[in-house]
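Visitor:
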Amino acid sequence: MDNQSGNKPKTKRRKVTVACDHCRARKVRCDGVQPVCGPCNRRSEDRARCIYTGELEKKRATQSYIARLENRLHQLGSPRTSDNTFLRVQASPWATSLSPVGHHANAVSDEGRKAQGSPQLSVDGDGNGVNAMMGAIEQGRAAQGFFGSSSAAGFMRQIKTAVDKRVASPDQPSLAPVIPSGSNLLPGPKLAPQVSADYVLPPRRTADSLMSVYWDYVFPLYPFINSTHIKAQYTSIWEGGTLMQDENMLMCTLNVIFALACQLADFITPEEREGSADTFFTRAKDLFRFNIWDTGSAALIQCLLLMAQYLQSTDSAHQCWIVTGLAIRNAQSLGLHLSNTISHLRWSHEKQLARKLWHGCVLMDRVISMTFGRPAMISRASNGTASLPLTVDDEFIVPGTSQGPAQPSDQPSIISFYAKTLELYEIMNDVLLSLYKPVSEDSAPEAHDFLFSGTSEGERTIFDLDRSLSRWASGLPPHLCQGFDFASRNPVLYRQTIVLRARFLHVRILLFRPTLSKYCTIRDNSLGHSMISLADSFPRRVALQCSIICVKVAQESIRLIYDNVPVDGTGGPLPAWWYNILYVYTAATVLVAGRLCPSVLTEVTPASLTQSWENALGILRKYQSYSKSARRCVAALEILYEQVASETQPAASQTSYPDINPHIAGGLNEISFGDGVDAAMIDGLEFPDFQDMSWLNSVPSNLF
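In this text, residue positions in the sequence shown follow full-length UniProt numbering: the first is 1, and each later residue adds one.
1. From the DSSP output, in three-state form, read off Ser413 for me.
2. Assuming Leu304 and Asn330 make a contact with CB atoms under 8 Å, what is their CB distance in whole Å?
3. For Asp294, does the three-state DSSP call read helix, strand or coil?
4. Pick from Leu511, Glu395, Val492: whose alpha carbon is nearest that of Tyr425?
5. Please classify Pro438 as buried or exposed, where buried requires at least 16 other C-beta atoms within 10 Å of its C-beta.
6. Residues in its own chain within less than 7 Å of Gln319 by CB, not counting five upstream and five downstream?
7. Relative to the alpha-carbon of Ala298, which residue among Ser547, Arg355, Ser276 has its alpha-carbon at the smallest distance?
8. Check each candidate in Thr206, Ser379, Ala232, Gly325 and name the one with the smallest Cα separation from Phe267.
9. Does Phe280 come out as helix, strand or coil in the three-state DSSP assignment?
10. Please state the DSSP three-state secondary structure of Ile397.
11. Residue ranges of each beta strand (DSSP E) run of no fewer than 3 residues wholly in the stretch 309-381, ordered along the chain?
12. Measuring alpha carbon to alpha carbon, tell me which of Gly384, Leu516, Leu260 ends up nearest residue 707.
13. Count Cβ pairs between the stretch 574-582 and the stretch 604-614 that sit closer than 8 Å; are there 3 or more?
14. Taking the alpha-carbon positions, what's the Leu596 to Ile558 distance?
15. Based on Cα-Cα distance, which residue from Ala645, Leu306, Gln403, Tyr436 lies nearest to Met364?
16. Express the C-alpha separation of Asp394 and Thr228 in angstroms, rounding to a whole number.
17. Can you tell me which of Gly384, Met211, Trp347, Ile368 puts its alpha carbon nearest to the alpha carbon of Ala265?
18. Do the stretch 366-386 and the stretch 334-350 meet, that is, are 3 or more Cβ pairs less than 8 Å apart?
19. What residue from Glu272, Ile257, Pro270, Arg42 has the CA that sits closest to Arg283's CA?
20. Report the rounded CA-to-CA distance for Tyr222 versus Thr391, giving the unit in angstroms.
21. Can you look up Ile558 in the DSSP assignment and give me helix, strand or coil?
22. By a C-beta neighbour count over all protein chains shown, 10 Å radius and 16 as the cutoff for buried, is Pro277 buried or exposed?
23. Tell me the rounded alpha-carbon separation between Val36 and Ile51.
24. Short check: CB of Ala587 to CB of Ile498, under 8 Å?
25. Gly400: buried (16+ other C-beta within 10 angstroms of its C-beta) or exposed?
26. By how many angstroms is the C-alpha of Pro539 removed from the C-alpha of Phe463?
27. Using beta-carbon positions only, say whether Asn226 and Leu353 come within less than 8 Å of one another.
28. In whole angstroms, what separates the C-alpha of Leu254 from that of Ala261?
29. Between Leu609, Arg513, Ile414, which has its C-alpha nearest Gln555's C-alpha?
30. Tell me which same chain residues have a C-beta within less than 6 Å of the C-beta of Cys519, skipping the five on either side of it?
31. For Pro389, count neighbouring C-beta atoms within 10 Å of its own C-beta (all shown protein chains included) and say buried if the count is 16 or more, exposed if not.
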């Protein structure tokens, strides 16, 4: 009809297949011109908002990238590449801000991610473009954290790097890792609102007191966090200042800190500590909006480590195990286990925090594995790749500088304790791997093999492990050695000295305890040869000395804690009370085993054993008001000791030891189980079979 009237045909509206996000949101016709479309270009305030992330654009970008890659491969033909062609690119996973959802500070655009060409950290946990098994990444899409060289994504990066090296192209961005200009490990300020939450804080005076307990008693032993940063954020909360991290995660972390402090605060009665701590921890759990689909962050790992530490003081063994595993996996996803990742961080305080976080995961992994008798998650090889934290306190590491920090020469660092503990626990891990591996009865090693050689590659002998412990002890800085004057004048350093000594003695018990266990079950046909008497066999002589050392170390461990328990009921310079229960229980079971070996009593007198035993029970009874675990430990030990006395009573009466205590030789039928130990608790405990010494290797967690 238009043609008949002479009018020109109406121009059909051109269908635009590509539109920027801003035009889509405003429902404005977009011409699809890049990098800035026409409508956005005409409005200066909209130019920065012109971003293309639509599905068609992503598909076009992917197809374009594949086409370019195929074209270059075609140009190359079949090149001969040297061994150096495929270079591994160790990309920094810190190229994207770790700010929470809604934060835009230090954000990196899609084009920036392309330019960096490395797997980036997705702030909002977007998993598009990532295959769980392949680890493959769509071009221009953020990946879920760090992917190593064994992953498909790592291999594709190597291929792409090799291609780009052979054929340079001006329109193809480089794959070299780009170090961001801002701070990424600690998140930037929160600019966008989050889901509202009920932030309940205790009165300021109570909060300050609990924070003081944390800084004085917890942080010097477990410096998992950046103290300068947390202190500044804590002050900002009360003053209404700008928070430099996700408010929700910060409040969750503070409530975990309050819960931990309640378990150690002297101004809270032991009977009230558990209830007070649980109140704060319940708030923390309500604020903890962790989603397994989201990418981790430094703040998340800090919070998880603190949660695992708190859960050690409760009966929630399973939750402690799982939370520790979550912290480890999130740290590994950020690449914190790699020295290259940390070296790509710009600022010194972030490098230090990354080291502290990773090794905090290592420390908790080692302790929890030892406590529960389960395999460690972090291998020795994985732990060895990241260097230990610098022995420099947080206040001497200036934020925003890349200069190497230094500790004042006249002020020992509290981080030295952390570094030496990590070294000690690595030896402990070797002890567990070499001496506590599950072995069936049919494949149990002979005594000679058990003492002098490992049965598998990488295992270490008792002698080698003992030498490592001796070297560790001789390498302690002076302020961490008992008797050093400076430590006695500084409460924090003095406590570190006592705690480190307690940990060292516990590891020594773990080292010699398997030999004591085997020595207690030796039979005449277990060792020796027809031409060599059992008593003169070399393995038996060595096993006897190892058993004696184990009992003496147990006595020393009990004496150390007993001598430092304050009369006024305060915590004093000792480890946290739940560790004291573990150490004393472990040492007390060694005393029971020593009682089974008359030859051990030739060097460890029965009178000294009795004194150590009574001290051990006295310590545990002090903690009966703190936790049910202490009450169960007392009941278990007394029943165990009573059974040992009844087993050895005939032998004891026939021995030639005139100084043997009749309290031991005559049995323990008149022993009082102490306050808080009821019949139901006793009925729940099984009597041990003394032909099977597995009870010796038990820990308090086995009593539940």
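Note that beta-carbon positions come from the ideal geometry of N, C-alpha and C, so glycine has one too.
Guide: Reading off the structure:
1. coil
2. About 7 Å separates the two Cβ atoms, so the contact holds.
3. coil
4. Here the closest residue by C-alpha is Leu511.
5. Exposed: under 16 other Cβ atoms inside 10 Å.
6. Leu311
7. Arg355
8. Thr206
9. helix
10. coil
11. none
12. This structure leaves residue 707 out entirely; the chain is present only between 1 and 704.
13. no
14. Distance between the alpha carbons of Leu596 and Ile558 is about 19 Å.
15. Leu306
16. 6 Å
17. Met211
18. In the pairwise beta carbon analysis, the stretch 366-386 is classified as touching the stretch 334-350: at least three pairs are separated by under 8 Å.
19. The candidate whose alpha carbon is nearest that of Arg283 is Ile257.
20. If you take the alpha carbons of Tyr222 and Thr391, they lie about 14 Å apart.
21. Residue state, collapsed to three classes: helix.
22. Looking at the sequence provided, one finds Ala at residue 277 rather than Pro. Buried, because 16 or more other Cβ atoms sit within 10 Å of the Cβ of Ala277.
23. C-alpha separation (whole angstroms): 8 Å.
24. no
25. Burial call: exposed.
26. 13 Å
27. yes
28. So the two alpha carbons sit approximately 10 Å from each other.
29. Leu609
30. As written in the sequence, residue 519 is Tyr, which differs from the Cys given in the question. Excluding positions up to five away in sequence, the list reads Ala543, Ser547.
31. buried
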